[in-house]
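Residues 1231 to 1505 (the numbering used here) are what the sequence shown spells out, left to right.
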Amino acid sequence: MGEGSLRKRRPVGYRYSIETDLSLGGTVSQERPLEGKVAIVTGGVRRLGKGMALAFARDGASVVINARSSRDEADKAAAEVEAAGGKAMVYLTDVTDEAAVNKMVDATVAKFGRVDILINNAANRAEAPFLEMSYKQWRDILGVILDGAFLCSRAALPHMVSNKFGRIINMGGVSSHLGAPGRAHVGAGKAGIVGFTRALASEFAPHGVTVNCIVPGRIGGQRSATSGQGIGHNPPVGREGTFDDVSSLVRLLCQPENGYITGQTIHVSGGLFMP
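Now the structure itself:
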């Protein structure tokens, strides 16, 4: 069976685009495909977190920007979200605090009426040689990465199930796939995120909720003082990644039309890691 028998014939000169025809039967031609949706982005005040928040805003979503304590940064990020066309709310909380996370989700629903998208991006990537690593350091890192994803997902999922729609993106780490000195705690936590993603994807697929893990490679831009230098390998594409490289995939996975991709771990690393 040829291609012409599978899809409608296009006019001469038609330019095929993933943005206008993602599948044989569906289109996402809307300029703002997330209009009316509400996204929570943890760790949303800088780098990838802010990049994803801005991408959602451009697509029409309302965005809750979570940070632990950076009020000034969060307010600036919220202003950028609003300038990009979205509605914004700042909520400062530690994602390892169960009661505080529940209040954040409750506040989101009180303001916007729903929760559709959750980006588990909050992380602590401090480096420490393994033999010098204290148990507290180990627990602190795993607490933010794993406990944070657990608490935020558990608080948001009842609303997604009720609406029969949800998108959860868990941010992985390439160090859990390549290995990196000084990052045993980070690598262990991010490896756990992969299993967590698959478990939630399997359990909540019948409810219209997809759960995927995105693993960025080496991303350029200014890094925080505690995040270390990151993975030092050069990817085959010959450049560092950008925030847009990651957010463009995240926004695609979160669109309503893309409900058939779930449980996947997708590397956005310029070929740095090839499973």
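Glycine included, each C-beta is placed from N, C-alpha and C at the ideal position. Model, not experiment: these values are computed from the prediction.
(message) Pull the bridge partners of residue 1446 from the DSSP assignment, please.
(response) 1498
(message) Please identify the residue among 1410, 1377 and 1481 whose C-alpha is closest to the C-alpha of residue 1448.
(response) 1410
* If you scan the segment 1279-1351 from start to end, which runs of the beta strand (DSSP E) of 3 or more residues do you find wholly inside it? -> 1292-1297, 1318-1322 and 1347-1350
- Task: Compute the Euclidean distance between the alpha carbons of residue 1499 and residue 1327, then round it to the nearest angstrom.
- Result: 32 Å
TODO: Under 8 Å by Cβ, that's how I've got residue 1303 and residue 1275 pegged, so tell me the actual separation to the nearest angstrom.
DONE: 4 Å
> Would residue 1481 be called buried (16 or more neighbouring beta carbons within 10 Å of its own) or exposed?
Replying inline: buried
| message | Suppose you measure from the CA of residue 1474 to the CA of residue 1379; what does that come to, to the nearest Å? | response | 23 Å
Close-in-space but distant-in-sequence residues of the same chain around residue 1342 (CB under 6 Å, 5 per side omitted)
1268 and 1292
- request: Please classify residue 1435: does DSSP put it in a helix, a strand, or coil?
  value: helix
In whole angstroms, what is the alpha-carbon distance linking residue 1484 and residue 1360? 37 Å
- Query: CA-CA distance, residue 1413 and residue 1404?
  - Reply: 11 Å
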